[in-house]
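Sequential numbering from 48 applies to the sequence shown in the numbering used here.
Before any comments, here is the structure.
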Amino acid sequence: MLNSLIRGHGGGPVGVSTLAIAVGEEPGTVEEVCEPYLVRAGLMSRTGRGRVATAAAWHHVGVTPPPEAPGQLNLL
Numbered sequence: 048m049l050n051s052l053i054r055g056h057g058g059g060p061v062g063v064s065t066l067a068i069a070v071g072e073e074p075g076t077v078e079e080v081c082e083p084y085l086v087r088a089g090l091m092s093r094t095g096r097g098r099v100a101t102a103a104a105w106h107h108v109g110v111t112p113p114p115e116a117p118g119q120l121n122l123l
């Protein structure tokens, strides 16, 4: 799911239905099983516009997060 969110949708925001289709699951399964785990683990955030990958998620899949990724430290 993280790969789809990051590599397929640029880290989001992505609606739950779109994300579910991308990973071949029912939207209910994504909302009730996958999403709570990823949110608790700090890898995904739910926003009013959709689901977004956090900086930790980008690092987890081996990709450098963009500066605007939630949880990204901006040291200038």
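Yeah, the Cβ is synthetic: ideal placement off N, Cα and C, and Gly gets one too.
In this text the structure is predicted, and so the values were computed from the model without any measurement.
Local Cβ density within 10 Å of residue i, reported as buried at 16 or more and exposed below that
{"i": "Gly43", "result": "Here the chain covers residues 48 to 123 and nothing more, so residue 43 does not appear."}
{"i": "Pro114", "result": "exposed"}
{"i": "Val99", "result": "buried"}
{"i": "Pro83", "result": "exposed"}
Reference residue i; option with closest CA among the options
{"i": "Gly62", "options": "Gly55, Gly97, Glu78 and Asn50", "result": "Gly97"}
{"i": "Gly59", "options": "Val110, Thr76, Glu78 and Met91", "result": "Met91"}
Beta-carbon gap between residue i and residue j smaller than 8 Å
{"i": "Leu49", "j": "His106", "result": "no"}
{"i": "Gly57", "j": "Gly89", "result": "no"}
{"i": "Ser51", "j": "Val70", "result": "yes"}
Three-state secondary structure assigned by DSSP to residue i
{"i": "Val108", "result": "coil"}
{"i": "Val80", "result": "helix"}
{"i": "Arg25", "result": "The structure shown has nothing for residue 25, since the chain only spans 48 to 123."}
{"i": "Pro101", "result": "According to the sequence displayed, residue 101 carries Thr and not Pro. Thr101: coil per DSSP, three-state reduction."}
{"i": "Arg96", "result": "coil"}
CB-CB length for residue i against residue j, believed under 8 Å
{"i": "Ala102", "j": "Ile53", "result": "11 Å between Cβ atoms; not a contact."}
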